[in-house]
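If you read the sequence shown in my numbering, its first letter stands for residue 4, the second for the next number, and so on.
The beta-carbon is built from N, C-alpha and C at its ideal position, and this holds for glycine as well.
As structure tokens, the structure follows; a few thoughts come after it.
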Amino acid sequence: MLAKRVIPCLDVHNGRVTRGVQFGKAETGGLRDVGDPVELAVRYNDQGADEMVFFDITASAHERATMVEVIERVADRCFMPLTVGGGIRTLEDMGRMLRAGADKVSINSAAIANPDLIRAGAEKYGSQCIVVSIDARRVEPGRWAVRSRGDRGGTGLDAVEWAARAVELGAGEIVLNSIDADGTKAGYDLEATRRVSEMVGVPVVASGGAGNLEHMVEVLEQGKADAVLAASIFHFNEYTVDEVKACLERRGIAVRRDRLTV
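This is how it looks when you write it as structure tokens:
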């Protein structure tokens, strides 16, 4: 059995880690300050996180430069693989983050606007570096629509079909974000995750809704996810990464235990 991964996620705004509910926006006061991204990354590294995901939720060029500095500092102190998303629109953006120390880049709205970016990125950097993140909102039973620009824009795309196309273009991993569940701590969208996992032949990371250990067990077993991504339960010290892994092991789910930590 392939080991399942446990991945903390850091949403970075103005150089600080923040947390919202259902894609809450900074301009509406929907974000809560959590802390320094480097300090949090080191904490999760020490707890045995398999990977770390950073999403830059700012828009200015200045803050993009700040994000590069954050990744450089984290890569210097942590041994886990790093994925960076948010504002990556070109091959040059990808290269900048990979040179800073990221192992993967995550693209979302840019991939929707220009699907060929997936193919070009995979050809230049390898499919293993290209993650396509999909923000999905349930629109009717058994159907999820892809949203863009942080749930501000419709796309006309079906989430399951878009995941399959992204993989055909060269994506090496899919992150499925449930907008309905995001920040609610009511559990992952098991049906959506399972549908995407059954459709694609690459790892699927479940995102949005983690509130307790059982939610993670459910999405790995029933949702057939390859990894669980979570934010609030880690940021606010409800669970550690090690506690999650211990629970998964007790339930017979294989996890990684051999990575050295600082």
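Handout entry: Span separating the alpha-carbon of residue 186 from that of residue 124
Key = For the purposes of this step, residue 186 is taken as residue 183 along the sequence shown, with counting starting at 1. For the purposes of this step, residue 124 is taken as residue 121 along the sequence shown, with counting starting at 1. About 30 Å.
Exercise for the section: Output yes or no for whether 8 Å exceeds the beta carbon distance between residue 199 and residue 162. Expected result: The count along the sequence shown starts at 1 and reaches residue 199 at position 196. The count along the sequence shown starts at 1 and reaches residue 162 at position 159. Contact: yes.
Handout entry: Pairwise C-alpha distance: residue 81 and residue 238
Key = For the purposes of this step, residue 238 is taken as the residue at position 235 of the sequence shown. For the purposes of this step, residue 81 is taken as the residue at position 78 of the sequence shown. In a straight line, the C-alpha of residue 238 is about 17 Å away from that of residue 81.
Exercise for the section: Assuming residue 46 and residue 59 form a contact by the criterion Cβ under 8 Å, report the distance between their Cβ atoms to the nearest whole angstrom. Expected result: As a first step, residue 46 must be located in the sequence shown, where it is residue number 43. As a first step, residue 59 must be located in the sequence shown, where it is residue number 56. Separation of the CB atoms of residue 46 and residue 59 is rounded to 20 Å, and the pair is thereby denied contact status at 8 Å.
Exercise for the section: Please determine if the region 103-112 and the region 80-95 are in contact, where contact requires at least 3 C-beta pairs separated by less than 8 Å. Expected result: Yes: the two stretches touch, three or more of their Cβ pairs being nearer than 8 Å.
Practice task
Grab me the residues of residue 40's own chain with a C-beta within less than 8 Å of its C-beta, minus the 5 sequence neighbours each way, in chain order.
Solution key: Sequence index remark: in the sequence shown, residue 40 carries index 37 (1-based). Taken in chain order, the residues that qualify are 13, 15, 18, 19, 20, 57, 73 and 77.
Exercise for the section: My understanding is that residue 212 touches residue 192, with C-beta atoms under 8 Å, so please give their C-beta distance in whole angstroms. Expected result: Sequence index remark: in the sequence shown, residue 212 carries index 209 (1-based). Sequence index remark: in the sequence shown, residue 192 carries index 189 (1-based). In this structure residue 212 is in contact with residue 192, their Cβ atoms being roughly 7 Å apart against a cut-off of 8 Å.
Problem - Every unbroken alpha helix (DSSP H) within the region 89-143, with a cutoff of 4 residues, ordered by chain - result: Taking only runs of at least 4 residues, the alpha helix (DSSP H) segments lying wholly in the region 89-143 are 94-103, 112-116 and 119-128.
Exercise for the section: Would you list, in sequence order, the uninterrupted alpha helix (DSSP H) runs of no fewer than 4 residues that lie entirely inside the region 146-221? Expected result: When DSSP assignments are scanned along the region 146-221, the uninterrupted stretches of alpha helix (DSSP H) that are 4 or more residues long and fall wholly within it turn out to be 162-172 and 193-202.
Exercise for the section: From the DSSP output, in three-state form, read off residue 12 for me. Expected result: If you number the sequence shown from 1, residue 12 lands on position 9. Looking at residue 12 - three-state DSSP - the assignment turns out to be strand.
Exercise for the section: Buried or exposed for residue 248, please, with buried defined as at least 16 other CB atoms from any protein chain shown within 10 angstroms of its CB. Expected result: Here residue 248 refers to the residue found at position 245 when the sequence shown is read from its first residue. The residue is buried, with at least 16 neighbouring Cβ atoms inside 10 Å.
Practice task
Indicate whether residue 166 and residue 182 have their beta-carbon atoms separated by less than 8 Å.
Solution key: By 1-based counting over the sequence shown, the position of residue 166 is 163. By 1-based counting over the sequence shown, the position of residue 182 is 179. With a cutoff of 8 Å on beta-carbon distance, residue 166 and residue 182 are scored as not near each other.
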